[in-house]
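Numbering (our numbering), first residue to last: -7 to 309.
Glycine included, each C-beta is placed from N, C-alpha and C at the ideal position.
These numbers come from a predicted model, not from an experiment.
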């Protein structure tokens, strides 16, 4: 492994995790020659809304760049926008954390020491989009963060470091994201200086163990009341704040479901179909689902509480 006496670094990021990593590296005295960020609302190929997608985890890097006098650019329509900027700062190495655009080979080839990034899973598992959301939806008890080199494939590159993170039964996407964020920052701030000194040897992923998941959009959050109580619990906590939230419909009205729990009682009419509201007590909605019930403890929407019991939510399939 070549020893880097000096590694001019391009940093690319658009989230709180990326911001903390960039700030920490600057405080270490790392040579960051340029910062590229993505606007809060941006266009991307998988967006179902022609107006683009909104990054609910967005963090503005402009102030940090000004503070450290680092050249800065914000983009919103793909990597081509940043081509001339990247050429001008001439980085030896690039680090992308909290990044949403694929970085093409033609651009990576101009960066001699490669491009690395962080993915919120234990690669090769949970490659692709929204790995923490999918991990909670699937009832996983462990996830992690991986620092790896970018290649043409989706999250397929050699690994520089990995850290495990436990998923607790009471976790939401918000609490898990915060914990993963802290561990990712620690990993980056420990590993990048070692990489700059030539002390890290990357290792290939075991591609036979890969799993791949798709990106998610707000409209994907519709609840299927045909699922079990535990499946609905995982669905809700995986998409709650700060994300757009799981939802259902009462007639034509969309109802956001921010929190709930499996129903543990026995007084439930078994003849009712999934989606039926069988009780309303102390502000909580009791909803029939497959193999039991689900208690909605935090919801939002224009719903009349009169004659609510016995009516039904319309769910997905």
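State the DSSP-derived secondary structure class of residue i, mapped to helix, strand or coil.
i: residue -5; result: At residue -5, the pLDDT of 41 sits below 50, so the modelled position is not reliable; the number obtained from the coordinates is stated separately. Looking at residue -5 - three-state DSSP - the assignment turns out to be coil, as it is neither helix nor strand.
i: residue 109; result: strand
i: residue 246; result: strand
i: residue 156; result: strand
i: residue 233; result: coil
i: residue 289; result: strand
i: residue 166; result: helix
i: residue 309; result: Since pLDDT at residue 309 reaches only 45, below the 50 mark, its modelled position is unreliable, and no value is offered.
i: residue 182; result: helix
i: residue 304; result: strand
i: residue 59; result: helix
i: residue 96; result: coil
i: residue 195; result: strand
i: residue 131; result: coil
i: residue 171; result: helix
Nearest to residue i by alpha carbon, out of the options?
i: residue 272; options: 298, 281, 15, 209; result: 298
i: residue 352; options: 61, 75, 64, 121; result: Residue 352 is absent from the model: the chain starts at -7 and stops at 309.
i: residue 295; options: 155, 244, 222; result: 244
i: residue 81; options: 64, 69, 152; result: 64
i: residue 175; options: 206, 191, 262, 110; result: 110
i: residue 229; options: 129, 138, 286; result: 129
i: residue 209; options: 57, 262, 38, 151; result: 38
i: residue 166; options: 194, 250, 149; result: 250
i: residue 62; options: 216, 160, 68, 4; result: 4
i: residue 257; options: 274, 286, 282, 247; result: 286
i: residue 139; options: 226, 152, 246; result: 152
i: residue 79; options: 26, 56, 60; result: 26
i: residue 148; options: 127, 241, 160, 197; result: 197
i: residue 134; options: 154, 160, 145; result: 160
i: residue 219; options: 267, 155, 262; result: 267
i: residue 277; options: 145, 50, 242; result: 242
So what does residue i bridge to, in DSSP terms?
i: residue 20; result: DSSP output for residue 20 lists no bridge partner at all.
i: residue 28; result: 4, 65
i: residue 33; result: 46
i: residue 141; result: 108
i: residue 214; result: 239
i: residue 204; result: 119
i: residue 279; result: 269, 286
i: residue 136; result: 156
i: residue 188; result: Answer is none; residue 188 lacks a bridge partner.
i: residue 253; result: 287
So that I know if they touch, is there some Cβ in chain C lying closer than 8 Å to that of residue i?
i: residue 188; result: Absent from the structure is chain C; it holds one protein chain and no more.
Using a threshold of 8 Å, state whether the C-beta atoms of residue i and residue j are closer than that.
i: residue 157; j: residue 136; result: yes
i: residue 12; j: residue 83; result: no
i: residue 141; j: residue 108; result: yes
i: residue 305; j: residue 279; result: yes
i: residue 53; j: residue 44; result: no
i: residue 105; j: residue 85; result: yes
i: residue 255; j: residue 284; result: yes
i: residue 224; j: residue 215; result: yes
i: residue 93; j: residue 124; result: no
i: residue 281; j: residue 217; result: yes
i: residue 364; j: residue 8; result: Outside the displayed span of the chain (-7 to 309) sits residue 364, for which this structure offers no information.
* Asked: On the three-pair Cβ rule with 8 Å, is the stretch 6 to 20 touching the stretch 172 to 190?
  -> yes
Tell me, please, whether the stretch 194 to 203 touches the stretch 107 to 121 by the rule of three or more beta-carbon pairs shorter than 8 Å. yes
Does the count of Cβ pairs from the stretch 225 to 234 and the stretch 173 to 182 closer than 8 Å reach three?
no
Counting Cβ pairs closer than 8 Å, one from the stretch 24 to 32 and one from the stretch 100 to 115, do we hit at least three? no
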